[in-house]
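Residue numbers (this note's numbering): 555 to 802.
Using N, Cα and C, we set each Cβ at its ideal position, and we do this for glycine too.
All figures in this text were calculated on a predicted structure; none of them were measured in a lab.
For reference, the structure is listed below as structure tokens.
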């Protein structure tokens with residue numbers, strides 16, 4: 555165990571990383587007129603973080619990752635539109651539902667290779683897009699889901715038109731997910747993903763369950779994408795079918 559710990563990448567925070575996370579705090583005070591845009595940037599960054607795990611570390615190229623983002627958007631949006639506007643539990647629900655969808659589809663994605671995997675992931679995304687479009691009685695189709703109402707965060711902080719709470723809320727969620735993700739990719743799990751990406755045929759020889767690792771990574775990535783989608787629905791209080799689109 556001590557040898558394994560010695561071989562793990564150093565997890566110390568570098569000065570530039572600390573500076574990077576101080577910039578959003580400075581922007582809150584220096585750029586008060588751009589906080590809503592800032593929250594959108596943070597949500598997109600969280601979505602990119604989820605794709606980074608499955609693409610850069612697990613080597614799973616996906617053209618349908620927006621499907622999980624959209625699942626999170628609609629989960630949080632539907633909850634808010636039907637009387638459950640509590641932000642934190644709605645966000646957890648968005649991540650949980652996206653994780654379930656990701657886990658169920660992961661078995662198909664992991665079994666595919668190269669071009670087939672691209673087609674499979676694209677197909678999953680397109681199918682969910684069409685499902686969202688055709689289930690207008692639930693999703694309102696191309697018109698978008700309106701009437702999403704958020705309660706006060708922790709019963710105290712109210713979402714305002716200036717986007718102050720949305721900015722802080724998005725930033726905190728991004729940071730709280732970034733820290734464990736940063737640790738995850740520097741853990742034995744993260745190292746096994748890198749090994750699988752470099753040579754998947756040799757990894758079983760050292761006891762790594764390749765398919766299980768990829769399924770786990772794909773599910774985690776889907777969950778984070780769902781949380782990002784939930785944040786979008788809660789901070790804008792509107793759900794658009796574009797959340798499931800290939801353009802996303």
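Pull the bridge partners of residue i from the DSSP assignment, please.
| i | result |
| --- | --- |
| residue 655 | Answer by DSSP bridge pairing: none, since residue 655 is not bridged. |
| residue 793 | 699 |
With a 10 Å radius around its C-beta and 16 neighbouring C-beta atoms as the bar for buried, classify residue i as buried or exposed.
| i | result |
| --- | --- |
| residue 558 | With a pLDDT of 48 at residue 558, under the threshold of 50, the modelled position of that residue is not reliable, and the figure given next carries that caveat. Exposed, since its Cβ has fewer than 16 Cβ neighbours within 10 Å. |
| residue 704 | buried |
| residue 674 | buried |
| residue 644 | buried |
| residue 701 | exposed |
| residue 642 | exposed |
| residue 747 | buried |
| residue 670 | exposed |
| residue 713 | buried |
| residue 735 | buried |
| residue 683 | buried |
| residue 763 | exposed |
| residue 637 | exposed |
| residue 569 | exposed |
| residue 555 | Note on residue 555: pLDDT 44, under 50, position unreliable in the model; the coordinate value appears next. So residue 555 ends up on the exposed side. |
Under the three-state reduction of DSSP, which class applies to residue i: helix, strand or coil?
| i | result |
| --- | --- |
| residue 615 | coil |
| residue 707 | strand |
| residue 699 | strand |
| residue 676 | helix |
| residue 555 | Only weak support is given to the placement of residue 555: the predicted model assigns it a pLDDT of 44, under 50, and the question is left unresolved by the model. |
| residue 622 | helix |
| residue 575 | helix |
| residue 757 | helix |
| residue 684 | helix |
| residue 714 | coil |
| residue 566 | coil |
| residue 801 | coil |
| residue 689 | coil |
| residue 740 | coil |
| residue 666 | coil |
| residue 763 | coil |
| residue 803 | A question about residue 803 goes unanswered here, because the residues of the chain that appear run from 555 up to 802. |
| residue 694 | coil |
| residue 787 | helix |
| residue 640 | coil |
Since residue i and residue j are thought to touch, with beta carbons under 8 Å apart, how far apart are those beta carbons, to the nearest angstrom?
| i | j | result |
| --- | --- | --- |
| residue 698 | residue 792 | 6 Å |
| residue 618 | residue 679 | 3 Å |
| residue 603 | residue 732 | 7 Å |
| residue 717 | residue 633 | At roughly 21 Å, the Cβ-Cβ gap does not stay under 8 Å, so residue 717 and residue 633 are not in contact. |
| residue 608 | residue 775 | 4 Å |
| residue 686 | residue 628 | 7 Å |
| residue 778 | residue 661 | Not really, about 19 Å apart at Cβ, beyond 8 Å. |
| residue 795 | residue 696 | 5 Å |
- Would you check if the segment 593-606 and the segment 752-762 touch, i.e. whether three or more CB-CB distances between them fall below 8 Å? no
- Could you say if the segment 770-785 and the segment 618-626 meet the contact criterion of at least three C-beta pairs nearer than 8 Å? yes
- Inspect the CB distances between the segment 720-738 and the segment 574-584 and report whether three or more fall short of 8 Å. yes
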